[in-house]
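Participant: Protein chains in written order, with my numbering: chain A, 605 to 1016; chain B, 133 to 214.
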Amino acid sequence: MSQRRVVVTGLGATTPLGGDVDTTWKAILAGQSGVRLLTDDWREMLPVHFAARVATEPADQMERVEMRRLDRSEQFALIASREAWKDAGSPDELDKERLGVVVASGIGGVITLMDQFNILNEKGARSVSPHTVPMLMPNGPAANVGLELKAKAGVHTPVSACASGAEAIGYAFEMIKNNRADIVVSGGVEAACHQLPMAAFAAMKALSTRNDDPARASRPYDRDRDGFVLGEGGGILVLEEYEHAKARGAKIYCEISGQGLTSDGYHIAAPDPEGSGVQRAIKFALQNAGMTAKDIVHLNAHATSTPAGDVAEANALRKALGADADHVAVSATKSMTGHLLGGAGAIESVFLVKALQDRLAPPTINIENLDPAVTVDVVRDKPRALPAGDIAALNDSFGFGGHNVVLVFNSI
Amino acid sequence: MALAQADVLAGLKEIVEEVAGIPAASVELDKNFTDDLEVDSLSMVEVVVACEERFGVKIPDEKVTELVTVGDAVNFIVNASN
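(1) Tell me which residues share the same chain as A/T736 and place their Cβ nearer than 7 Å to its Cβ, disregarding the 5 neighbours each side in the sequence.
(2) State the start and end residues of the unbroken alpha helix (DSSP H) segment that holds A/I1016.
(3) List the endpoints of the continuous beta strand (DSSP E) containing A/V610.
(4) Quick one: is A/M605 near chain B, going by C-beta distance under 8 Å?
(5) Let me know the secondary structure DSSP gives A/H943 once reduced to three states.
(6) Apply the 10 Å Cβ neighbour rule to A/I872 and answer buried if 16 or more other Cβ atoms are within range, or exposed otherwise.
(7) If we count the other Cβ atoms within 10 Å of its Cβ and call it buried at 16 or more, is A/G993 buried or exposed?
(8) Taking only three categories from DSSP, how would you classify A/C858?
(9) If you draw a straight line from the C-alpha of B/K195 to the C-alpha of B/N164, how long is it?
(10) Kindly list, in the order they appear in chain B, the residues whose Cβ is closer than 9 Å to that of A/F667.
(11) From which residue to which residue does the beta strand (DSSP E) around A/G758 run?
(12) Do you know how far the Cα of A/R823 is from the Cα of A/S812?
(13) Does any CB atom of chain B fall closer than 8 Å to the CB of A/S733?
(14) Please report the straight-line C-alpha distance between A/A785 and A/L698, rounded to a whole angstrom.
(15) From which residue to which residue does the alpha helix (DSSP H) around A/G744 run?
(16) With DSSP as the reference, identify every bridge partner of A/H1007, one or two as the case may be.
(17) Does B/T201 come out as helix, strand or coil in the three-state DSSP assignment?
(18) Mind checking which residues open and close the beta strand (DSSP E) that includes A/G791?
(19) Label A/E847 either buried or exposed according to how many other C-beta atoms from any shown protein chain fall within 10 Å of its C-beta, with 16 as the threshold for buried.
(20) Compare the C-beta of A/R730 against all C-beta atoms of chain B and say whether one is closer than 8 Å.
(21) For A/V982, which residues from the same chain have a beta carbon less than 6 Å from its beta carbon, with the 5 sequence-adjacent residues on both sides left out?
(22) On the DSSP letters alone, give me the boundaries of the alpha helix (DSSP H) that A/I995 sits inside.
(23) Under the rule that 16 or more other beta-carbon atoms within 10 Å means buried, what is A/W646, buried or exposed?
(24) CA-CA distance, B/S213 and B/F187?
(25) Expressed to the nearest angstrom, what Euclidean distance is found between the alpha-carbon atoms of A/K898 and A/A996?
(26) Should B/E178 be flagged as near chain A, meaning a C-beta pair shorter than 8 Å?
(27) Rounded to whole angstroms, what's the CA-CA distance from A/D817 to B/L135? Just pull it up for me.
(28) B/L169 versus chain A: which residues are under 9 Å apart at the beta carbon?
(29) For the beta strand (DSSP E) that contains A/G704, what are its first and last residues?
(30) Three Cβ pairs or more, each shorter than 8 Å: is that satisfied between the region 1006-1014 of chain A and the region 971-986 of chain A?
(31) Is it true that the region 829-840 of chain A meets the region 679-686 of chain A, where meeting means three or more beta-carbon pairs spaced less than 8 Å apart?
(32) Let me know the secondary structure DSSP gives A/D826 once reduced to three states.
(33) Run through DSSP, which three-state label would B/N164 get?
(34) I'd like to know whether the C-beta of B/L174 is nearer than 8 Å to at least one C-beta of chain A.
(35) Exposed or buried, A/L751, counting other C-beta atoms within 10 Å across all chains shown (16 or more means buried)?
Right, dumping it as structure tokens:
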């Protein structure tokens, strides 16, 4: 069997900056922040009063009856996958045994879990919704997308905290490479803007507490960054075998040509300050893609705006890419979207595909004073043009537990 | 005092529309929940619990399988309220 290549033929997203890819991408290029003060009363219980909720509520994009049996994370998955499937030309004639779905979530249906726990305590067991289990299970978003599209090649949900979305895309890439499927709908979602997960992240001192200036709270690489901003939403990419896409005349955005996966074996939540796991993941990803650091012109960084994480990542990038890091435009889009946890790697892959298409690296906002410990070339304030010709870019994602995922995309 | 059949039917129409999105006008006494209205087993559980709350009756689990049509449910609730 000849080597199978994998391309991107559809994109979908619902994010703190827009209810679809185009709206979101325009806002990203304009350097807008999706972070806002919460309007919920419960915010007063917390040390953090803001988050990056989706810009368009699911109620504006879905029927009420459909919504009520879906967790919010599942609503995001269906909204984004419908956009992506349509963008891919709605290839419904495909043999469904060759169609797969890999959609991740970091936490699953935590809002449903908490709501139903309250109902149990207040009204008793008989009032607990019979839809609770399908709503709270972490594979619920993938399962609902798979059901809607009648996918029969396999429906999967990798869970690796904030690396989940990227891991899902890598898993989908492998499914096509290994000839299990011709099209795989892949990505990640998260819906955890709820008092419990926010209190829990705050207890780890992981969240920014810049309550007086929410839009400037997410500031990767800034000297005064004080934690990440929780975001919600999701991103979906339709991955397709190259010859299959050509044969049906599909619009092809770019190729996904490799992935690198490693684990730190260091700490449950802290990044390895040496970043050796990240370095190895970059090395493996480039090898897997048949490329070298010379080929890379852009990287959408994990960069969550935590004091330790941003520098550890930047150091690892510099060590892994060496002098070639000088021609890599590094963008930290979490400065605008906040951190979507299991959805992060997915929306950032959407942004990477758009960056390759438009030849524009998105900006990183809110850097008032660049941390001198950051030795990579960060794109600040405004988008930066990427070179003409054949170009390649990386998306890296890391998760609590020491999970490292690096994906390689290239123009085609 | 027993509930009136018309009142129970009107309430049940609202519940089925709320839970399953079936237009109230099509929820008629001779309609089969599964075959005609496509109310699945999970939604049926919701309908039963909502009826218990609304009409103040108990609908034992072993009786639920006997409620095949809307009329079956209305009659059960009217009798149970008596």
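By construction, the Cβ of each residue, glycine as well, lies at the ideal position given by its N, Cα and C atoms.
Only a predicted model underlies this, so the values are computations on that prediction, with no experimental measurement involved.
Facilitator: Looking at the coordinates:
(1) For the purposes of this step, residue 736 of chain A is taken as residue 132 along the first sequence, with counting starting at 1. Same-chain partners within the cutoff: T716, Q720.
(2) Counting from 1 along the first sequence, the entry for residue 1016 of chain A is found at position 412. A/I1016 -> no alpha helix (DSSP H), and no H or E assigned at all.
(3) Here residue 610 of chain A corresponds to residue number 6 of the first sequence, with the count starting at 1. Here the beta strand (DSSP E) through A/V610 covers 610-618.
(4) Here residue 605 of chain A refers to the residue found at position 1 when the first sequence is read from its first residue. Reliability of the predicted coordinates at A/M605 is poor, the pLDDT of 49 falling under 50, and no value is obtained from them.
(5) Working through the first sequence from its first residue, we reach residue 943 of chain A at position 339. The answer is strand: DSSP assigns A/H943 an E or B state.
(6) The sequence position of residue 872 of chain A within the first sequence is 268, counting from 1. So A/I872 counts as exposed.
(7) Residue mapping note: residue 993 of chain A aligns to position 389 of the first sequence, counting from 1. Per the 10 Å Cβ criterion, exposed.
(8) In the first sequence, residue 858 of chain A corresponds to position 254, counting from 1. Here A/C858 sits in strand by DSSP.
(9) Here residue 195 of chain B refers to the residue found at position 63 of the second sequence. Here residue 164 of chain B refers to the residue found at position 32 of the second sequence. Distance between the alpha carbons of B/K195 and B/N164 is about 16 Å.
(10) Translated into the one-based positions of the first sequence, residue 667 of chain A becomes position 63. Looking at the sequence shown, residue 667 of chain A is not Phe but Glu. The contacting residues are G153.
(11) Taking the first sequence and counting its residues from 1, one reaches residue 758 of chain A at position 154. Residues 758-760.
(12) As a first step, residue 812 of chain A is located in the first sequence; it is residue number 208 there, counting from the start. As a first step, residue 823 of chain A is located in the first sequence; it is residue number 219 there, counting from the start. So the two alpha carbons sit approximately 9 Å from each other.
(13) On the first sequence, position 129 is the one that residue 733 of chain A refers to. Answer yes: the Cβ-Cβ gap between A/S733 and chain B drops below 8 Å somewhere.
(14) Taking the first sequence and counting its residues from 1, one reaches residue 785 of chain A at position 181. Taking the first sequence and counting its residues from 1, one reaches residue 698 of chain A at position 94. Rounded to whole angstroms, A/A785 to A/L698 spans 11 Å at the Cα level.
(15) Against the first sequence, residue 744 of chain A aligns to sequence position 140. Per DSSP, A/G744 belongs to the alpha helix (DSSP H) from 744-753.
(16) Counting from one through the first sequence, the residue named residue 1007 of chain A turns up at place 403. Answer by DSSP bridge pairing, in chain order: A/S867, A/G1003.
(17) As a position in the second sequence, residue 201 of chain B is number 69, starting the count at 1. In this structure, B/T201 counts as strand in the three-state DSSP scheme.
(18) Translated into the one-based positions of the first sequence, residue 791 of chain A becomes position 187. It spans 787-794 - the beta strand (DSSP E) in which A/G791 sits, taken as one unbroken run.
(19) In the first sequence, the residue the question calls residue 847 of chain A occupies position 243. Per the 10 Å Cβ criterion, exposed.
(20) Locating residue 730 of chain A in the first sequence gives position 126, where the first residue counts as 1. Output row for A/R730: interface = yes.
(21) Numbered from 1 along the first sequence, position 378 holds the residue referred to as residue 982 of chain A. So the list reads Y825, V934, T968, once near-sequence residues are dropped.
(22) Locating residue 995 of chain A in the first sequence gives position 391, counting from the first residue. For A/I995, no alpha helix (DSSP H) encloses it, and the DSSP letter there is neither H nor E.
(23) As a position in the first sequence, residue 646 of chain A is number 42, starting the count at 1. Counting Cβ neighbours within 10 Å, A/W646 comes out exposed, since fewer than 16 surround it.
(24) In the second sequence, the residue the question calls residue 213 of chain B occupies position 81. In the second sequence, the residue the question calls residue 187 of chain B occupies position 55. Straight-line Cα distance between these residues: approximately 8 Å.
(25) Sequence index remark: in the first sequence, residue 898 of chain A carries index 294 (1-based). Sequence index remark: in the first sequence, residue 996 of chain A carries index 392 (1-based). Roughly 9 Å between the two C-alpha positions.
(26) Start at 1 with the first residue of the second sequence, and residue 178 of chain B comes out as number 46. For B/E178, the answer is yes, since a Cβ of chain A falls inside 8 Å of its Cβ.
(27) Taking the first residue of the first sequence as 1, we reach residue 817 of chain A at position 213. Taking the first residue of the second sequence as 1, we reach residue 135 of chain B at position 3. Taking the straight line joining both Cα atoms gives about 58 Å.
(28) On the second sequence, residue 169 of chain B is found 37 positions in, with the first residue counted as 1. By Cβ distance, chain A contributes nothing, its closest Cβ being about 13 Å from B/L169, past 9 Å.
(29) One-based indexing of the first sequence puts residue 704 of chain A at position 100. Its beta strand (DSSP E) spans residues 703-709.
(30) Fewer than three beta-carbon pairs drawn from the region 1006-1014 of chain A and the region 971-986 of chain A are found closer than 8 Å, and the two stretches are therefore not classed as touching.
(31) yes
(32) Residue 826 of chain A sits at position 222 when you count from the first residue of the first sequence. The answer is strand: DSSP assigns A/D826 an E or B state.
(33) Working through the second sequence from its first residue, we reach residue 164 of chain B at position 32. Strand at B/N164.
(34) Working through the second sequence from its first residue, we reach residue 174 of chain B at position 42. Taking Cβ atoms only, chain A reaches closer than 8 Å to B/L174, which makes this a yes.
(35) Numbered from 1 along the first sequence, position 147 holds the residue referred to as residue 751 of chain A. Under this definition A/L751 is an exposed residue.
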